[in-house]
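Start counting the sequence shown at 461; every next residue gets the next number (our numbering). A virtual CB, placed ideally from N, CA and C, is assigned to each residue, including glycine.
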Amino acid sequence: MKLGGVAPGAMGKLNSNGGAYMTGLTFSFKLFLLIFMIAVGVPRLSAAQITPDLIEAAKKEGEVVFYGAITVSSSKRIGDLFEKKYGIKLRHWRGDATELINRTLAEARAGKPAFDVTLGNEVVMTALNEKNIFAGFDPPSAKSFPKQFRHSEHKMTGWRVLPYGINYNHQLLNADEAPKSWEDLLAPKWKGRFGMANPGIHVTTLQFVLNLDKLLGPKWLNVVEGWAKQEPRLARSLAATIQPLTAGETPVIIGYIKDKFQYQGPIEYVRMDKYLSSVSFVAINRQAPHPNAARLFTDFFLGPEAQKLFGDLGEYVFHPEVEHRFKKDVRDDQIVVMRLPSNEELKSWSTKFREMFQ
Numbered sequence: 461m462k463l464g465g466v467a468p469g470a471m472g473k474l475n476s477n478g479g480a481y482m483t484g485l486t487f488s489f490k491l492f493l494l495i496f497m498i499a500v501g502v503p504r505l506s507a508a509q510i511t512p513d514l515i516e517a518a519k520k521e522g523e524v525v526f527y528g529a530i531t532v533s534s535s536k537r538i539g540d541l542f543e544k545k546y547g548i549k550l551r552h553w554r555g556d557a558t559e560l561i562n563r564t565l566a567e568a569r570a571g572k573p574a575f576d577v578t579l580g581n582e583v584v585m586t587a588l589n590e591k592n593i594f595a596g597f598d599p600p601s602a603k604s605f606p607k608q609f610r611h612s613e614h615k616m617t618g619w620r621v622l623p624y625g626i627n628y629n630h631q632l633l634n635a636d637e638a639p640k641s642w643e644d645l646l647a648p649k650w651k652g653r654f655g656m657a658n659p660g661i662h663v664t665t666l667q668f669v670l671n672l673d674k675l676l677g678p679k680w681l682n683v684v685e686g687w688a689k690q691e692p693r694l695a696r697s698l699a700a701t702i703q704p705l706t707a708g709e710t711p712v713i714i715g716y717i718k719d720k721f722q723y724q725g726p727i728e729y730v731r732m733d734k735y736l737s738s739v740s741f742v743a744i745n746r747q748a749p750h751p752n753a754a755r756l757f758t759d760f761f762l763g764p765e766a767q768k769l770f771g772d773l774g775e776y777v778f779h780p781e782v783e784h785r786f787k788k789d790v791r792d793d794q795i796v797v798m799r800l801p802s803n804e805e806l807k808s809w810s811t812k813f814r815e816m817f818q
């Protein structure tokens, strides 16, 4: 089963409450919220408990090691909150989706797992879950989160969506001058003047490109081929597109609209009718060096204090008590959750896009 039409088995069996969403049809975020509110009252497996004994054991472990592509500043703020509350240090390693998969699997093969908790989008987390990396844990703080994004064995918990869009440097362009749609990037004036992560090597961007049919229909591939002919400035990750944008080297990039709030600099995003969005999950290593601290941190990470911090930073979080900063500009029914391509699709298309984007 997979999100938005992932092939059966790709993510493990999801709760039956969410099964209706795992189809090839465009997922309506507004519908998801409606079903979610109904589903909150449906009986479910009991969540784990954060007991005094677990907290004491976590404190004795002294630290928790966290892998994931959140910004360094976000990690520091979360770590400071966690340490202030529990006296446990957070050590964070930041890598892009491809780096995260490679590092985690290399550690597993060597029998030397170094991380306790990790987060990533559905492509990353499904790949790791298929290798039996994660432990089952049902965080109490996530008891009111959307069930369709909760693994049936509680191997991972969805906590945010990441809307893709077009970002621009507002010191170089005003809103009228910026491209308004994905097709607008095909105009001659944008040749060599926009940046993006390379879909041939960056798995998250590959997923995004393979979902463009949800917005563009059959012409999606023609548009992507057109982008390649535009000779965009290619980066190995989404984060690597930010510095050229803020420095004015590329006035436009394809990226997350939350970048407006998470990076310093003249970043604005284009208002669009629909936003393709991936879901981000958090999970615990089944061989975590600090298993008690891992559980305590995961529950804290999904709790209102940490989730409000992320909401203030522009994250589109699931916590029902937290409002995202896009509320005035982005409606829930504008969010289109991306399907998870099969492993065969990812392998085949990554090869094609490496040749296309040279």
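| Check | Outcome |
| --- | --- |
| Between residue 658 and residue 707, is the Cβ-Cβ spacing less than 9 Å? | no |
| Under three-state DSSP, which class holds residue 573? | coil |
| For residue 635 and residue 774, what's the separation of their Cα atoms in angstroms? | 20 Å |
| Kindly indicate the opening and closing residues of the beta strand (DSSP E) around residue 682. | Per DSSP, residue 682 belongs to no beta strand (DSSP E); it is in the alpha helix (DSSP H), 680–689. |
| On the criterion of 16 or more Cβ atoms from any shown chain inside 10 Å, does residue 592 qualify as buried, or is it exposed? | exposed |
| Per DSSP, what kind of secondary structure is residue 649 in: helix, strand or coil? | helix |
| Going by DSSP, which residues form a beta bridge with residue 642? | In DSSP, residue 642 forms no bridge with anything. |
| The beta strand (DSSP E) spanning residue 623 covers which residue range? | 617–629 |
| Measuring CB atoms only, is the stretch 568–585 touching the stretch 526–543, in the sense that at least three cross pairs come out at less than 8 Å? | yes |
| Can you say whether residue 682 is buried or exposed, counting buried as having 16 or more other CB atoms within 10 angstroms of its CB? | exposed |
| Pick helix, strand or coil for residue 798, following the three-state DSSP scheme. | coil |
| I need the straight-line Cα distance from residue 804 to residue 810, nearest angstrom please. | 10 Å |
| Using the beta-carbon count (16 or more within 10 Å), is residue 755 buried or exposed? | buried |
| First and last residue of the alpha helix (DSSP H) that includes residue 755? | 751–761 |
| Counting along the chain, where does the beta strand (DSSP E) carrying residue 635 start and finish? | Segment: none, residue 635 is in no beta strand (DSSP E) and carries neither H nor E. |
| At a cut of 8 Å, does the stretch 763–772 reach the stretch 606–613 through at least three beta carbon pairs? | no |
| Tell me which same chain residues have a C-beta within less than 6 Å of the C-beta of residue 602, skipping the five on either side of it? | 617 and 762 |
| Report the CB separation of residue 786 from residue 620 in whole angstroms; it is logged as a contact under 8 Å. | Not a contact, Cβ separation roughly 12 Å. |
| Can you tell me the Cβ-Cβ gap for residue 690 and residue 646, rounded? I've got them flagged as a contact below 8 Å. | 7 Å |
| Who does residue 553 pair with in a DSSP beta bridge? | 527 |
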